[in-house]
Amino acid sequence: MALYKSILVAKVDLKMAMKVRMVKFGLIGIGALGPLMMIGIVALLVYGDPVIGLLILPSISAILAPMLGMIVIIPASMIAANALVGEKEMNTLEPLLSTPLTDRELLLGKLLSSFVPSMALLLGSIVVSEIGTFIILWSVGAEFILIPGIPGLFLLLTAGPTLIVAIVAVMILISGKVKRVYEAYQMSGAIVMVFIIPMMLPMMTMEATGTVDINLVWMWNIITFLITLVLAASTWALAVRRFNRDTMISM
Amino acid sequence: MVIKLDEVVISGLTKNFDDLTAVDHIELNVPKGSIYGLLGPNGAGKSTTIRLLCTLLKPDDGTAYVSGLDIIESPVQVREITGILPEEGNHTLYQTLSGYENLEYFARLYDVPEEEIPERIEELLTFMDLWDRKDDPAGELSTGNRQRLALCRALLHKPKVLLLDEPTAALDPVAAKRVRELILSFSEKYGQTFFINSHNLSEVQRMCDKIAIIDEGKILLSGDTQELRTRFQTSQDFRIRVVDDLEKAGSIAESLDFVTSMKKEADTIVVTIEDPFNNNSNLMQSLLSQGIKLVEFAEEEATLEDLYLDVIKEGGAK
Ligand SMILES: Nc1ncnc2c1ncn2[C@@H]1O[C@H](COP(=O)(O)OP(=O)(O)OP(=O)(O)O)[C@@H](O)[C@H]1O
Ligand SMILES: [Mg+2]
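Chains as they are written, first to last, in my numbering: chain A, 217 to 467; chain B, 86 to 403.
Take a look at the structure:
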């Protein structure tokens, strides 16, 4: 198993993706939705009714974090849908699979090529949210808090990457069964729906008053992380075990 | 341990797709350094055979050895020493990457030493007349150029065995000739073994030392190209010119029972005989024995067509 081979595969994938304007700007567009919503909600609260707004901001900050995570999961599934099925559709899979690449090197390469841009989007959207909300708080002279806050950041930086791995793994499993990228996209839509459920769990902690019990938030964040960890490990193991050149080619 | 002398040894190789047996217990030996042609009609199992050899597909029965390596037991090593031009090779490049980038990527995947990569790519692209197009996206090249680029990709890592699936299909006659010349010159220069799929008879005849004919997954016939094409020929034309009496020569020829037709063309007669394998020496002897002085006695080159049609018909009738 040579790691540099996987990195090579990922690099070339990214290079090709970035040559396509639609992909580049599409990803940035979807990635921008999360921070925009985050900043928009904070702006509404702070400028709309500063007294109540500032009061419930910490709670909001705790439960808005999953929203960022949900929104960057979508590009991950789309990039991953392209990773193997795209090569099938472009007829490049046959020469690629004829090289001495091992299954693991190939799959890790495809994982990296989806993981790296998805993580970049996630980190980017966190940074943009933090800066945007800081400017809003600063403009009204409010006390500075992190939005997303520490529990939210914990969730995004733990469950975010594991969920991306799980989604890529499922897309690899699917790619043995479909021929066309659009079929893979359709499947990816359904999968995202299922896979964001864990991310929504921490949101359930919000009470009718708009406040949250921070201990409960932490508990759910940790549970979510554990669930995604199990998901990632099991789907990835399955993807590696099930991967089969023969079915990839003959389907 | 069995010593495998031939570069590719196919032994009982079988592949099923659901109820269809695409490749049915085939046996072939491809000598080292030869250019071997696998001929057959559409759907005969040629591409499936190549995909089995380069370990893309797993056989349901039997196996094959490439340079002594078992395709089932050592697939990674087999892929290291084979170069492949897939079916419709000109469509298998990364369209948005340049020709150079396509080759650079595969050179690295095939573990060509990093310091040798630029040199190797330049040599191949220059050889294929593609060097000045190296920075163009592959998708913008003509079919012929893309096909040659795909051939470069197959040759990059100096593989011992090249598996080419219809290398000249989709090419115009000039581009096809060029690709054939390139294959021949590589075979001469590096002594690599070429296994070529085709349904183009004249091409196989011109390039391949050995051929096999496959239909419905079964090998119907295999052997030396030259020998097979004369042995299986059903008829053959001879162009004959004589010193004086062309009329006489013509009537002698016509009187022979194995001559099926005789045509006069200015100072030449064209005689068609049946079963040339057994009869071609008889024609000349008959003419000479009756005092005809020959100026020219040219046998038209035998083609694989008769052989092919014959064998396929027999196979199909089963
Ligand atoms: N992935 C697959 N699934 C099901 N059937 C297949 C598959 N690949 C090939 N076949 C069938 O196997 C048979 C042999 O196909 P193959 O592609 O090897 O033929 P071929 O000799 O290369 O033909 P052609 O000259 O048309 O390229 C055909 O009947 C084909 O339909
Ligand atoms: Mg074919």
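Ideal Cβ placement from N, Cα and C applies to all residues, glycine included.
For residue i, three-class secondary structure by DSSP
i	result
B:Phe-212	helix
B:Glu-273	helix
B:Val-248	Contrary to the premise, residue 248 of chain B reads as Leu rather than Val in this sequence. Of the three classes helix, strand and coil, the one that applies to B:Leu-248 here is strand, per DSSP.
B:Ala-239	helix
B:Asp-395	helix
A:Phe-411	helix
A:Asn-431	helix
A:Val-236	coil
B:Pro-222	strand
B:Met-369	helix
B:Lys-403	Annotation note: pLDDT 40 at B:Lys-403 (below 50); position unreliable, coordinate value reported separately. Note: B:Lys-403 maps to coil in three-state DSSP.
B:Ile-169	strand
B:Gly-147	strand
B:Glu-319	One detail in the question is off: residue 319 of chain B reads as Thr in this sequence, not Glu. Three-state result, B:Thr-319: coil.
B:Val-197	coil
B:Phe-280	strand
From the options, residue whose alpha carbon lies closest to that of residue i
i	options	result
A:Ala-226	A:Val-344, A:Leu-322, A:Gly-245, A:Ser-293	A:Leu-322
B:Arg-233	B:Pro-160, B:Tyr-190, B:Asn-285, B:Thr-177	B:Thr-177
B:Ser-51	B:Gly-308, B:Leu-124, B:Ser-371	It is not possible to answer for residue 51 of chain B, since the shown part of chain B is limited to 86 through 403.
B:Met-213	B:Val-328, B:Arg-263, B:Tyr-190, B:Arg-136	B:Arg-263
B:His-242	B:Ile-202, B:Thr-353, B:Thr-253	B:Ile-202
A:Met-294	A:Ile-439, A:Val-433, A:Tyr-398	A:Tyr-398
A:Leu-379	A:Glu-359, A:Leu-432, A:Thr-444, A:Glu-346	A:Thr-444
A:Ile-244	A:Ala-281, A:Val-344, A:Glu-305, A:Thr-318	A:Val-344
A:Ile-287	A:Thr-427, A:Asp-429, A:Val-408, A:Ala-449	A:Val-408
A:Ile-347	A:Gly-256, A:Tyr-220, A:Ala-382, A:Arg-237	A:Gly-256
A:Gln-402	A:Met-387, A:Met-416, A:Ile-413, A:Met-415	A:Met-387
B:Lys-398	B:Ile-156, B:Val-328, B:Gly-125, B:Asn-365	B:Gly-125
B:Gly-376	B:Cys-139, B:Ala-383, B:Leu-331	B:Leu-331
C-beta neighbour in chain B for residue i, strict 8 Å
i	result
A:Arg-461	yes
A:Leu-243	no
A:Asn-431	no
A:Thr-444	no
A:Asn-228	Sequence inspection shows Val at residue 228 of chain A; the Asn mentioned does not correspond to that position. It does: the Cβ of A:Val-228 has a partner Cβ on chain B nearer than 8 Å.
A:Met-232	yes
A:Ser-222	no
A:Lys-240	no
A:Ser-355	no
A:Met-465	Reading the sequence as shown, one finds Ile at residue 465 of chain A and not Met. Chain B contact via Cβ: present.
Alpha-carbon to alpha-carbon, residue j and residue i
i	j	result
B:Phe-102	A:Leu-313	20 Å
A:Trp-436	A:Ala-248	26 Å
B:Asn-367	A:Ser-466	54 Å
A:Met-217	A:Ser-330	20 Å
B:Asn-363	B:Lys-131	33 Å
B:Ala-402	B:Val-163	Low local confidence applies: a pLDDT of 40 at B:Ala-402 is under 50, so the model's placement there is unreliable, with the coordinate-based value given in what follows. Distance between the alpha carbons of B:Ala-402 and B:Val-163 is about 37 Å.
B:Thr-99	A:Val-301	27 Å
A:Thr-463	A:Ala-358	59 Å
A:Ser-334	A:Ile-289	7 Å
A:Pro-251	A:Ser-341	5 Å
A:Val-262	A:Ile-352	8 Å
B:Glu-52	B:Ile-281	With chain B running from 86 to 403 in the structure shown, residue 52 of chain B is simply not present.
B:Ile-296	B:Gly-302	15 Å
A:Val-356	A:Ile-276	18 Å
B:Asp-221	A:Leu-219	30 Å
A:Val-267	A:Lys-240	41 Å
A:Thr-308	A:Ile-383	23 Å
CB contact below 8 Å: residue i versus chain A
i	result
B:Glu-165	yes
B:Pro-171	yes
B:Gln-277	no
B:Val-94	no
B:Thr-181	yes
B:Leu-98	no
B:Tyr-195	yes
B:Arg-316	no
B:Phe-191	yes
B:Arg-238	yes
B:Phe-362	no
CB contact below 8 Å: residue i versus chain C
i	result
B:Thr-177	Here chain C cannot be found, since the structure's protein chains are A and B.
Members of the stretch 311 to 343 of chain A near chain B, C-beta cut-off 7 Å:
Taking 7 Å as the Cβ-Cβ cut-off against chain B, the residues of the stretch 311 to 343 of chain A that qualify are Pro-311, Leu-313, Ser-314, Thr-315, Pro-316, Leu-317, Thr-318.
Could you please tell me which residues of the stretch 369 to 397 of chain A, in chain order, have their CB closer than 7 Å to any CB of chain B?
Cβ contacts with chain B come from no residue of the stretch 369 to 397 of chain A.
Short-range partners of chain A found in the stretch 138 to 150 of chain B, where Cβ spacing is below 9 Å
If the cut-off is 9 Å between Cβ atoms, the stretch 138 to 150 of chain B has Cys-139, Thr-140, Leu-141, Leu-142, Lys-143 near chain A.
Below 7 Å between beta carbons is the criterion; list the residues of the stretch 293 to 311 of chain B that meet it against any residue of chain A, in chain order.
Of all residues in the stretch 293 to 311 of chain B, none has a Cβ within less than 7 Å of some Cβ in chain A.
Listed from N- to C-terminal order along the chain, which residues in the stretch 109 to 136 of chain B have their beta-carbon within a distance smaller than 7 Å of any beta-carbon of chain A?
From the stretch 109 to 136 of chain B, only Arg-136 have a Cβ closer than 7 Å to chain A.
Residues from the stretch 293 to 311 of chain A in contact with chain B, defined by Cβ distance under 8 Å:
If you check each beta-carbon in the stretch 293 to 311 of chain A against every beta-carbon of chain B, the ones closer than 8 Å belong to Met-306, Asn-307, Thr-308, Glu-310, Pro-311.
Taking any Cβ of chain A, which residues in the stretch 240 to 267 of chain B have a Cβ under 8 Å from it, in chain order?
Per Cβ criterion, the list is empty.
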